[in-house]
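In what follows, a single structure is set out as structure tokens and then discussed.
In our numbering, the protein residues as written are 22 to 103.
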């Protein structure tokens, strides 16, 4: 299901306009994105949680040469379902 299908389905279930439903879904996504970017965890009971994390730097191997390379630290976004 893509975003437009989600908007249409929720709008039909709640007898709301697709425009109002789309704005509500956009606000939800923006709120979760802002919270996770600020290192907060968002928990939606019965659905899942969204959080941020960090992956430490590590040594990897170049698939082309087999030579050891340094992979830098990275920030991650995590989603887990209940």
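Just so it is clear, CB atoms sit at the ideal spot from N, CA and C, and this is done for glycine as well.
Item: Where does the unbroken alpha helix (DSSP H) through residue 94 begin, and where does it stop?; Value: Counting along the chain, residue 94 falls outside any alpha helix (DSSP H), and DSSP gives it neither H nor E.
Item: Give me the DSSP bridge partner(s) of residue 102.; Value: 69
Item: Can you tell me whether residue 43 is helix, strand or coil according to DSSP?; Value: helix
Item: With DSSP collapsed to three states, give me the class of residue 26.; Value: helix
Item: Would you check if there are 3 or more beta carbon pairs closer than 8 Å linking the region 87-95 to the region 56-67?; Value: no
Item: Run the CB neighbour count on residue 57, radius 10 Å, all protein chains shown included, and call it buried at 16 or more, exposed below.; Value: buried
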